[in-house]
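Visitor: In my numbering, the protein residues as written are 374 to 432.
Each residue gets a CB set at the ideal place from its N, CA and C atoms; glycine is no exception.
Please read all numbers here as calculations on a predicted model, not as lab measurements.
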Amino acid sequence: VYLLHIVINVGMVTGMLPVIGLPLPFLSYGGSAMIANTALLAIVLNTHMRRDDLSIYGY
Numbered sequence: 374v375y376l377l378h379i380v381i382n383v384g385m386v387t388g389m390l391p392v393i394g395l396p397l398p399f400l401s402y403g404g405s406a407m408i409a410n411t412a413l414l415a416i417v418l419n420t421h422m423r424r425d426d427l428s429i430y431g432y
């Protein structure tokens with residue numbers, strides 16, 4: 374998801390893609406985008422941190 378946003382932003386800056394209102398993750402100033410990116414990162418980090426806990430149940 375983040376790589377796609379970066380590629381689209383680079384395309385907009387270079388003029389290869391039309392300019393749309395897509396914020397750059399963790400760099401653009403936008404309240405709802407920052408909350409969504411932080412929540413997604415928290416979910417990924419929480420899952421990564423707890424991956425060993427699931428191994429005792431055989432999953």
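Count the other CB atoms within 10 Å of the CB of N410; is the residue buried (16 or more) or exposed (fewer)?
Guide: Per the 10 Å Cβ criterion, buried.
Visitor: In angstroms with no decimal places, state the Cα-to-Cα distance between I379 and D425.
Guide: Straight-line Cα distance between these residues: approximately 32 Å.
Visitor: Which word fits P398, buried or exposed, when buried means at least 16 other C-beta atoms lie within 10 angstroms of its C-beta?
Guide: Looking at its Cβ environment, which holds 16 or more other Cβ atoms inside 10 Å, P398 is buried.
Visitor: How many angstroms separate the CA atom of Y375 from the CA atom of R423?
Guide: Cα to Cα, Y375 sits roughly 23 Å from R423.
Visitor: Which one of N419, V392, N382, A415 has the shortest CA to CA distance from L400?
Guide: Cα-wise, what sits closest to L400 is N382.
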